[in-house]
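Undergrad:
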Amino acid sequence: MYRNVRIIGIFWSVFFAAALIFGSMSSPLSAASADGAKTSPPPPVFSTFGYYDSYTYLGYGNESIYSEKGVITLTAMTQSKTTVSELGATFQLQKWTGTQWIDSGVLATLSSKDTNVFQNSVLRTGETGYYYRGKIVHFVKNGSVTEQASAYTANLLCS
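Under my numbering, the sequence shown has 412 at position 54, and the numbering climbs by one with no breaks.
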């Protein structure tokens, strides 16, 4: 069963990576769009694939960010190692001030019940010329056990 979860996780990793790569050809992630930035760029993000081997239930998490015409989409996919009572993610958009990340907009928590795979997105409005990222907290609830892990998307220059 867990082997299937890992295979599905690898599939979604490839899917999200392709979406990020191909989406960035015309999106604010490209270097050419950096001319309109109102702050210095934030430090680069180095993604670690979200396999959570040390957890009892939480198996895998993936997150992405995309922008078009000032609308920012945060997407998260969370998998558990088995069917659990609740599985989901908390979404928080963060804005780069030039020196630090600050929360921007409303925190959203979305989940599914009695499943082992959750995927959903939230839409937020960004200001042109500012860098954004998503803070995603993947979580699992099963009986009295709650497990969670925080992760961040890539940095995105909104245009």
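Every residue, glycine too, gets a C-beta built ideally from N, C-alpha and C. All values reported here derive from a predicted model rather than from experimental measurement.
Taking DSSP's pairing of strands, which residues face THR504 in a bridge?
TA: According to DSSP, which records beta bridges pairwise, THR504 is partnered with LYS499.
Undergrad: Is PHE449 closer than 8 Å to VAL480 when the C-beta atoms are compared?
TA: Yes. Within cutoff.
Undergrad: Considering only their Cβ atoms, is the gap separating ARG491 from VAL429 smaller than 8 Å?
TA: The answer is no: Cβ separation not under 8 Å.
Undergrad: Among THR473, THR467 and TYR424, which has the Cα closest to the Cα of GLY417?
TA: When only C-alpha atoms are compared, the closest one is THR473.
Undergrad: Please list the terminal residues of the continuous beta strand (DSSP E) segment that includes PHE404.
TA: Counting along the chain, PHE404 falls outside any beta strand (DSSP E), and DSSP gives it neither H nor E.
Undergrad: Cβ atoms of GLY501 and SER443: under 8 Å apart, would you say?
TA: Yes, they are a contact pair.
Undergrad: So the beta strand (DSSP E) GLU421 belongs to, where does it begin and stop?
TA: Note, GLU421: beta strand (DSSP E), 416–426.
Undergrad: Short of 6 Å in beta carbon distance, which residues of its chain neighbour ALA447, apart from the five on each side in sequence? Order them along the chain.
TA: Closer than 6 Å at Cβ, skipping near neighbours: ALA434, THR436, ILE494 and HIS496.
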